[in-house]
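Everything on this sheet refers to the single structure shown next.
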């Protein structure tokens with residue numbers, strides 16, 4: 192699994208290879224100029240500390256030599272660049288050179304970072320778009336088994352963690368080793384004996400980094416889960432704030448939240464402590480080796496044996512400069528582990544396949560002409576052991592009204608959810624005329640249907656846009672007509688901004704009856720041939736129910752309707768009433784016929800009307 196995660200991460204990053212290439216080229220120039228800047232700085236120090244005539248003599252000696260070491264060749268070329276007629280002019284040229292190199296170095300550093308920023312934010316946008324798109328392809332069963340707060344955390348927090356790891360992390364993994372190699376090469380050019388001692392730090396630092404990184408990744412996984420839990424508590428509490436206040440549970444919710452945030456703090460503290468310990472350990476190891484080299488090299492300089500004072504100054508400066516990329520690399524491994532832990536959660540979502548998909552030759556254009564039929568339909572949830580529906584057989588003729596009644600949990604809503612394929616039948620088939628709905632393109636199937644449920648789903652937008660949801664470029668007069676037919680026009684006109692009134696999250700600024708009438712207006716504007724009403728009036732007061740019921744009557748005209756009824760008074764005129772009990776059809780008939788049977792329907796009717 193770990194190898195496949197890294198492969199997928201690399202593939203994601205390399206989708207932006209032009210920007211990465213430009214950033215990497217700029218980084219290479221930065222590394223080269225960084226090495227040159229350190230070399231010239233050592234030359235500056237030597238120029239100040241040394242006798243100028245001695246420098247001229249050494250350059251003359253190098254010029255006349257037929258065989259030069261690589262170190263001597265680089266020194267000769269450096270002196271050719273900076274040496275002038277006087278010591279002051281030489282110092283001036285050296286200062287100009289260092290200034291130019293440092294300016295160019297930082298220009299390339301800026302370019303490197305800018306190109307990386309493009310990759311970072313394009314990548315984070317692409318990932319979030321992919322996740323959000325994928326959410327919309329997944330079936331309802333997926334969301335029934337997931338916490339909305341956790342999904343929010345993945346799309347916000349985990350993707351943000353991946354951004355840093357995938358861009359800065361990956362590039363540093365390429366650039367910093369080159370930086371280290373460049374500095375190490377310079378060390379060997381100056382003195383291979385001292386360089387052998389210096390490079391001991393690399394495997395020692397690598398061992399420390401790998402050990403710490405493994406622990407960071409484990410803690411990052413747990414941290415991601417904890418922040419998802421915190422997000423879920425926030426989402427859940429805000430959505431249920433009325434209930435929280437009604438039951439005076441504020442202290443309980445605050446304590447629950449505090450417990451989660453404390454757990455998160457402990458995990459974050461331990462992870463950050465681990466991330467913080469790698470650079471100091473690496474630097475301490477480097478300093479220990481540096482001090483040893485100072486002693487060994489300094490002794491050689493004082494004894495005038497082996498390395499020269501100029502080379503020793505240059506060696507020490509380069510060696511300590513090499514510690515920075517080593518420290519940076521230690522941070523990269525920590526960042527990568529955080530990103531990989533988050534990537535596992537992101538890819539887990541992206542790898543989740545929708546359970547309800549279109550077939551290869553799905554029918555796109557379909558017309559409903561005759562009836563909807565259930566043929567030996569059974570259903571059970573993916574994680575369920577018992578069947579929710581068992582051997583259901585019935586049909587709804589076009590233009591008729593069929594009602595489903597039964598006790599809570601008898602399977603009414605589940606049966607209605609099967610028609611638009613929110614869930615898939617476990618056995619049997621549902622047909623539109625003679626066509627199995629599984630052979631119809633899902634979007635085409637759902638365009639035939641309007642659904643009004645007990646829980647009205649509205650958006651934090653204007654009334655006009657809520658009514659026109661799912662429609663493109665709708666004439667405002669049609670929106671007004673739908674509102675009139677839904678008995679909603681009067682209360683809309685009474686609002687300060689009328690149809691342009693923003694109704695708040697889930698329509699919180701409206702009453703239950705007003706929200707329901709907007710949902711009916713939305714269904715009316717869609718003008719579907721098939722209508723599913725799921726207990727659309729069960730939670731309303733008497734006055735609101737009157738307005739909503741009139742709107743529903745308008746909505747039902749000339750349509751094929753499946754009604755899930757809690758209040759039996761609303762379905763006495765249905766063409767057919769189907770009584771469900773424990774997932775099975777136990778009675779079928781008209782209102783009068785079912786009363787005469789003196790069965791379950793009669794008992795339900797007597798309970799409601801106190802007969």
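In the working numbering, the protein residues as written are 192 to 802.
Just so it is clear, CB atoms sit at the ideal spot from N, CA and C, and this is done for glycine as well.
As the structure is a computational prediction, the values presented were derived from the model and not from experiment.
Exposure of residue i, with buried meaning 16 or more beta-carbon neighbours within 10 Å
| i | result |
| --- | --- |
| residue 676 | buried |
| residue 625 | exposed |
| residue 531 | buried |
| residue 527 | buried |
| residue 135 | Since the displayed the chain opens at 192 and closes at 802, residue 135 lies outside it and no answer follows. |
| residue 280 | exposed |
| residue 208 | exposed |
| residue 441 | exposed |
| residue 217 | buried |
| residue 372 | exposed |
| residue 597 | buried |
| residue 533 | buried |
| residue 299 | buried |
| residue 614 | buried |
| residue 327 | exposed |
| residue 260 | exposed |
| residue 471 | exposed |
| residue 370 | buried |
| residue 377 | buried |
As assigned by DSSP and simplified to three states, the class of residue i
| i | result |
| --- | --- |
| residue 748 | coil |
| residue 284 | helix |
| residue 630 | helix |
| residue 192 | With a pLDDT of 48 at residue 192, under the threshold of 50, the modelled position of this residue cannot be trusted; read the value that follows with caution. Residue state, collapsed to three classes: coil. |
| residue 642 | strand |
| residue 294 | helix |
| residue 457 | helix |
| residue 763 | coil |
| residue 562 | strand |
| residue 602 | coil |
| residue 215 | helix |
| residue 618 | strand |
| residue 673 | helix |
| residue 800 | helix |
| residue 781 | coil |
| residue 790 | coil |
| residue 607 | helix |
| residue 597 | strand |
Presumed contact (8 Å Cβ cut-off) between residue i and residue j, rounded CB distance
| i | j | result |
| --- | --- | --- |
| residue 620 | residue 551 | Not confirmed; about 18 Å, so no contact. |
| residue 778 | residue 796 | In fact, because the Cβ distance is near 12 Å, the residues do not count as touching under 8 Å. |
| residue 673 | residue 715 | 4 Å |
| residue 385 | residue 506 | 6 Å |
| residue 310 | residue 210 | 5 Å |
| residue 570 | residue 609 | 6 Å |
| residue 229 | residue 508 | 5 Å |
| residue 603 | residue 771 | 6 Å |
| residue 605 | residue 580 | 6 Å |
| residue 628 | residue 622 | 7 Å |
Straight-line Cα distance separating residue j from residue i
| i | j | result |
| --- | --- | --- |
| residue 288 | residue 282 | 10 Å |
| residue 702 | residue 548 | 37 Å |
| residue 561 | residue 594 | 18 Å |
| residue 341 | residue 200 | 22 Å |
| residue 558 | residue 449 | 56 Å |
| residue 338 | residue 423 | 7 Å |
| residue 751 | residue 788 | 26 Å |
| residue 539 | residue 455 | 22 Å |
| residue 232 | residue 529 | 38 Å |
| residue 501 | residue 297 | 26 Å |
| residue 639 | residue 707 | 21 Å |
| residue 512 | residue 488 | 17 Å |
| residue 252 | residue 498 | 17 Å |
| residue 769 | residue 637 | 23 Å |
| residue 447 | residue 343 | 19 Å |
| residue 478 | residue 490 | 18 Å |
| residue 618 | residue 202 | 41 Å |
| residue 503 | residue 374 | 14 Å |
| residue 773 | residue 600 | 7 Å |
For residue i, the residue or residues it bridges with in DSSP
| i | result |
| --- | --- |
| residue 775 | 772 |
| residue 299 | DSSP, once it has assigned bridges, lists no residue as partnering residue 299. |
| residue 570 | 580 |
| residue 690 | In the DSSP output, where bridge partners are listed per residue, residue 690 has none listed. |
| residue 260 | The partner list for residue 260 (beta bridge, DSSP) is empty, contrary to what the question assumes. |
| residue 659 | Residue 659 is not bridged to any residue. |
C-beta neighbour in chain C for residue i, strict 8 Å
| i | result |
| --- | --- |
| residue 278 | Reference to chain C is not applicable here, since this structure consists of a single protein chain. |
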